[in-house]
Each structure stands twice: as C-alpha cells, then as structure tokens.
Amino acid sequence: MAAAPAARFPVFGIVRLLGLAAAAAIVVWAVHFRGGMALSSETDKLLIFNVHPVLMLIGLVVLNGEAILAYKTVPGTKKLKKLVHLALQFLAMLLSLIGLWTVWKFHDERQIDHLYTLHSWLGLSCIIFFSLQWATGFYTFWYPGGSRSGRASLLPWHVFFGLFLYVLAIATSVSGLLEKSIFMQSAKMIGRFSTEAMFMNSLGMLLVLLGALVILAVVTPGVGKIDTYRGSSE
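Residues 1 to 234 in UniProt numbering are what the sequence shown lists, from first letter to last.
Okay, here's the thing in structure tokens:
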C-alpha cells in the first residue's frame, strides 16, 4: 500500500486560519452584502434566511473540521481528545439544526416550497446523517460505551463516514452559494461580475481549499499520528 502523503508545511495552523477566514467571510456576506441577520422579522424576511448559511457553514464545516482534527491538535489524554471531538460536533449539530429551522421558517413565511432543489436534498441528508453519526459515536465510544471488539469494528466506519459527511458538508455549502448567487442574478439583485458575486465565488473556492487541507491533515503522518486518531476507541 502506498504511504500517506506527508505535509511539509504547518497544515494544522493553515486549516485553522482558513476556517476562521471562511467563518468571517460568511458573516461579512450576511451583514455587509445582505443587510444583517434576524431570527424574526416583520419587514424583511431575507434577514431570517441570512442566518441559515452562517450557522450551517460555521457548524458543519468550520467546527466539524476542528472536531475531526481534535485527535491530532488537542494535547492531553485520549479521553480529553474524545470529549473535545464530541463537544465540537455537538455544537456543530446544534447550529445546523437552528440553521435548518431558520430556512424552513423563511420558506414558510415567504410561501416558498420546501425541498425542491438539489442543495436542499444534500443539506437535509447531511444534517440527518451527521446527527445519526454523532449519536452512534456518543453511544459507542463515550456512554455507555461498547465492548472493545465492538468499538474496534465500528471505528473504521466511524472515521470513513465522518470524512464523507465533511466532504458532503463542503459540497452542500458550495452548492448553496451557487444556488443563492444564481437566484439573485436571475432576480437582477446582483450582476454576474458584481463584487458580491465574486465574493461568493471566492468563498466557495476557499471552502474547497479548506476541505482539501482538512483531509490532508487527517491522513498526513507526523505530529499526532493518524493511528492515534484511529486508536481513540480505547
């Protein structure tokens, strides 16, 4: 079997910087370009929608990426690493559920159909399976905890589905940016080459780069070896 690629640069630090940049960028988009955010609004329902991409991206992409890398970046015992991993993913799940509620509320109040786009199908699938993944991981690896053999059998699948769902979250976020940009261009709200359109395109590219580096950080040997991550069931 070929050896895993080894990053010759500070991949963990770059991942954290890109994650912060992505989180800041989506907030800038919602506040500067789209006028702000609100959980309830009688005058501008789009403010309710704006909460959705902010919480989804910060939760399922930024915090989830940090959770995936916790076994390599958090100092201390395996139990502490596992606790940080679970806590970050629980927060990510909570933010994603609030984000789902806001977009559902926006559609209801604007009388827009639900679940008719590929983005909505991908997003709902991501949230459902992410929640199931978290619950299964909590039950098996934290409390009450499975047998040693059961944990060893489940762990490779837990790792695989965790990475798969992270890639799915990236794909869903990028498709959401594309969908929103096309909707706004079709409604003549922004131009094809407007500053906002280019900003959204750039954010999409940033997310793809972030996703690639998170995967590289997981598989690269070195500090916080990959077998430490995979051996966390003990």
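Idealized CB from N, CA, C, for every residue including glycine.
As the structure is a computational prediction, the values presented were derived from the model and not from experiment.
- Shown here, Asp44 sits in coil according to DSSP, grouped into three states, outside any helix or strand.
- Cβ-Cβ separation between Asn50 and Ala169: approximately 19 Å, too far for a contact (criterion under 8 Å).
- A direct Cα-Cα distance of roughly 21 Å separates Phe141 from Cys126.
- In the assembly as shown, Gly13 is an exposed residue. Its beta-carbon has fewer than 16 other beta-carbons within 10 Å.
- Gln111 carries a coil assignment under DSSP once its states are collapsed to helix, strand and coil.
- In this structure, the CA atom of Pro144 is about 11 Å from the CA atom of Thr136.
- Val174 and Leu124 do not touch by the CB rule: their CB atoms are close to 16 Å apart, not below 8 Å.
- Annotation for Val54: Ile26, Val27, Ala30, Met37 and Gly99 place their beta carbon closer than 8 Å to its own, counting only its chain and skipping 5 residues before and after.
- Residue burial is scored here from C-beta neighbours: Thr77 has fewer than 16 other C-beta atoms within 10 angstroms and is therefore classed as exposed.
- For Val214, the secondary structure class from DSSP, reduced to helix, strand or coil, is helix.
- Assignment of Thr172 by DSSP, reduced to helix, strand and coil, places it in the helix class.
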